[in-house]
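Trainee: Quick note: the sequence shown uses the numbering used here, first residue 3, plus one each step.
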Amino acid sequence: MLTYWLMFLVPASMALFSGQKRRATLMPFLLVGFFFALLIGLRFQVGGDWDSYLRHYNYVIGLSFIDALKVSKDYGHQALNWLMVQWDMEVYGVNMVYGTVFMIGLIKLSRDQVYPWIAMAAAVPYMVIVVAMGYSRQGMALGIFMWAITYLRKGNLKTYVVMILIAALFHKTAIILLPLGMFLYGKGMILRILMIIPIIIGAWSLFVAEAQSNLVYQYIDNDMQSSGAMIRVFMNFLPSVLFLMYRKEWKKNYDDYAFWYWVSIGSIAAMGLVGVASTAVDRMALYFIPIQLVVYARLPYLARNKVSPGIMKVMIVLGYTAVLFVWLNYGTYAKYWVPYGNILFMDLI
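#1: Cβ atoms of Q115 and R300: under 8 Å apart, would you say?
#2: In terms of alpha-carbon separation, which member of A39, Y100, M135 lies closest to G1?
#3: When you compare the CB positions of F236 and I293, do they come within less than 8 Å of one another, or not?
#4: Using the beta-carbon count (16 or more within 10 Å), is M29 buried or exposed?
#5: Look at the alpha carbon of R139 and the alpha carbon of M286, and state the distance between them as a whole number of angstroms.
#6: What are the complete alpha helix (DSSP H) segments, minimum 4 residues, inside the stretch 70 to 113?
#7: Starting from A305, follow the alpha helix (DSSP H) in both directions and report where the run begins and ends.
#8: Taking the alpha helix (DSSP H) that H58 falls in, what are its first and last residues?
#9: Taking only the alpha-carbon atoms, compute the straight-line gap between F31 and A121 and give it to the nearest angstrom.
#10: State the Cα-Cα distance for the pair L111 and G321, rounded to the nearest angstrom.
#11: Would you mind reading off the limits of the alpha helix (DSSP H) that contains T175?
#12: So D258 packs on R155, CB below 8 Å; how close in whole Å?
#13: State the start and end residues of the unbroken alpha helix (DSSP H) segment that holds Q47.
#14: For N238, which three-state DSSP category applies?
#15: Can you tell me whether DSSP reads N158 as helix, strand or coil?
#16: Under the DSSP definition of a beta bridge, which residues are partnered with N344?
#17: Classify D284 as helix, strand or coil using the three-state DSSP reduction.
#18: A39 and M105 - do their beta-carbons sit closer together than 8 Å?
#19: In angstroms with no decimal places, state the Cα-to-Cα distance between T102 and M16.
#20: When DSSP labels each residue in this structure, what does I291 get in the three-state scheme?
#21: Would you kindly check if the distance between the Cβ of G78 and the Cβ of W180 is under 8 Å?
#22: Grab me the residues of Y59's own chain with a C-beta within less than 8 Å of its C-beta, minus the 5 sequence neighbours each way, in chain order.
#23: Can you list, in chain order, the residues of its chain with a C-beta nearer than 8 Å to that of L326? Leave out the 5 residues immediately preceding and following it.
#24: Do the CB positions of W149 and M129 come within less than 8 Å of each other?
#25: Note down the Cα distance separating S266 from L56, rounded to an integer number of angstroms.
#26: Going along the chain, which residues of its own chain have a beta-carbon closer than 7 Å to the beta-carbon of Q80, five neighbours each way excluded?
#27: In angstroms with no decimal places, state the Cα-to-Cα distance between Y332 and F261.
#28: Would you mind giving the Cβ-Cβ distance between S242 and I270, rounded to the nearest angstrom? I have them listed as a contact below 8 Å.
#29: Whose C-beta lies closer than 6 Å to the C-beta of S20 among residues of the same chain, with five residues either side of it excluded?
#30: Kindly indicate which residue of G35, Y263, I109, I151 has the alpha-carbon position closest to the one of K250.
#31: Would you tell me roughly how many angstroms separate the C-alpha atoms of F37 and I109, rounded to the nearest one?
#32: Candidates D90, Y335, L275: which alpha carbon is nearest V64's?
#33: Is the Cβ-Cβ distance between A324 and V283 less than 8 Å?
#34: Does DSSP put Q227 in a helix, in a strand, or in coil?
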């Protein structure tokens with residue numbers, strides 16, 4: 003467990019002792035990102051889906067590139083596995099790419115916040131440790147999504163769309179993120195809708211349509227249940243409620259209200275639907291986790307008239323300390339993460 007606590011304590015300490023900065027110094031983030039990418043990418047037998055991803059890699063050994071792509075509709079995942087087979091990088095090469103892209107997205111989104119280290123600390127207990135180290139393909143898609151958000155905030159819808167389409171190559175469910183691109187700015191909304199609808203239809207046909215019936219059966223008709231889904235969905239629900247509570251202050255200070263409004267609505271809706279199809283809602287809600295990072299990284303400023311920023315930072319850090327403690331010690335699937343192993347220092351931890 004020591005590795006996971008160190009991963010959390012580094013950004014948590016920075017969150018407590020660093021001040022408010024619109025654009026934080028890059029170097030500390032690069033150092034943390036580098037070590038986190040190594041911990042994600044070079045992990046050994048860590049994560050609930052470890053054996054599945056090992057099979058994905060082994061399955062394409064000896065296949066031609068075209069045959070490898072035919073294995074599944076997640077073409078990016080298949081292509082990356084095939085490439086790493088050619089380079090003899092094993093599954094660690096695949097995981098290293100996923101971990102690096104995920105960390106780039108996380109760092110870019112975090113540095114765009116008022117208190118960037120709060121965003122980084124909030125990401126560690128679940129987004130980094132569970133998602134990036136467990137659901138590798140969806141972690142890759144989530145990292146690309148966070149990266150894409152920073153372009154969307156600059157008004158670059160085209161880049162956002164392209165990046166989400168790339169994310170869908172690794173996990174087809176990322177296609178649900180395309181419509182969010184319409185909501186960041188009110189100007190030109192009709193044009194945005196007219197432009198993005200055919201893209202959504204085409205992307206759905208390419209990535210999801212063929213697998214739609216299987217997805218519905220697996221996640222809904224088969225009543226597949228996800229242990230702890232209610233808690234994880236609630237973790238998005240709470241900051242979404244806080245977002246709505248401080249919506250006037252948010253509108254006054256930030257130009258991305260519309261985008262996060264719809265993410266918060268999706269998170270609140272997920273809370274109501276989680277009892278119907280917990281696994282489906284749980285997996286979709288993974289894409290809404292950035293609402294936690296953004297709201298909590300701005301909350302010390304938004305709530306400054308009610309609670310001092312220093313106290314608010316302590317409250318947020320303590321909250322995520324509790325999340326990590328409970329998951330590591332009482333999580334149903336924590337046994338697949340503990341003890342932590344890494345090919346660089348398996349004998350040391």
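Using N, Cα and C, we set each Cβ at its ideal position, and we do this for glycine too. Everything numeric in this text was worked out from a predicted model, so none of it was measured.
Mentor: Judging by the given coordinates:
#1: Yes; because the gap between Cβ atoms is below 8 Å, this pair is in contact.
#2: Residue 1 lies beyond the range of the chain shown here (3 to 351); nothing can be said about it.
#3: The answer is no: Cβ separation not under 8 Å.
#4: Looking at its Cβ environment, which holds fewer than 16 other Cβ atoms inside 10 Å, M29 is exposed.
#5: Taking the straight line from one Cα to the other gives about 13 Å.
#6: Inside the stretch 70 to 113, DSSP marks whole alpha helix (DSSP H) runs of 4 or more residues at positions 77 to 88, 92 to 112, from first to last along the chain.
#7: A305: not part of any alpha helix (DSSP H); DSSP gives it neither H nor E.
#8: Segment 52 to 61, the alpha helix (DSSP H) holding H58.
#9: F31 and A121 have their C-alpha atoms spaced approximately 12 Å apart.
#10: Each residue's Cα considered, the two are about 21 Å apart.
#11: Per DSSP, T175 is not a residue of any alpha helix (DSSP H), being assigned neither H nor E.
#12: The Cβ separation is near 5 Å, so the contact holds.
#13: Careful: Q47 lies outside any alpha helix (DSSP H) and carries neither H nor E.
#14: N238: helix per DSSP, three-state reduction.
#15: N158 falls in the coil class under three-state DSSP.
#16: For N344, the pairing in a beta bridge is given by DSSP as R45.
#17: Reduced to three states, the DSSP call for D284 is helix.
#18: With respect to A39, M105 sits close: the two C-beta atoms are nearer than 8 Å.
#19: Approximately 21 Å between the Cα atoms of the pair.
#20: Three-state DSSP puts I291 in coil, outside helix and strand.
#21: According to the sequence displayed, residue 180 carries Leu and not Trp. Contact check for L180 against G78 fails: the beta carbons are separated by 8 Å or more.
#22: Cβ neighbours of Y59 beyond the five flanking positions: N83, M86, V87, E92, V93, V96.
#23: For L326, where only same-chain residues beyond five positions count, the Cβ hits under 8 Å are Y6, W7, F10, V126, P127, I131.
#24: In this structure, W149 keeps its C-beta atom at 8 Å or more from the C-beta atom of M129.
#25: For S266 and L56, the distance between alpha carbons rounds to 35 Å.
#26: If we look at Q80 and ignore the five residues flanking it on each side, its Cβ neighbours are V62, A70, L71, V73, S74.
#27: Distance between the alpha carbons of Y332 and F261: 35 Å.
#28: Indeed, because the Cβ distance is near 5 Å, the residues count as touching under 8 Å.
#29: So the qualifying residues of the chain are W119.
#30: Minimum Cα distance to K250 is reached at Y263.
#31: The alpha-carbon atoms of F37 and I109 are separated by roughly 13 Å.
#32: Correcting the residue type first, residue 64 is Gly in the shown sequence and not Val. Checked all of D90, Y335, L275; the closest Cα to G64 is D90.
#33: Annotated as distal: A324 and V283, with beta-carbon spacing of 8 Å or more.
#34: Residue placement at Q227 cannot be trusted, given a pLDDT of 45 that sits under 50; what the coordinates show is reported in the next sentence. When secondary structure is reduced to three states using DSSP, Q227 falls in the coil class, being assigned neither helix nor strand.
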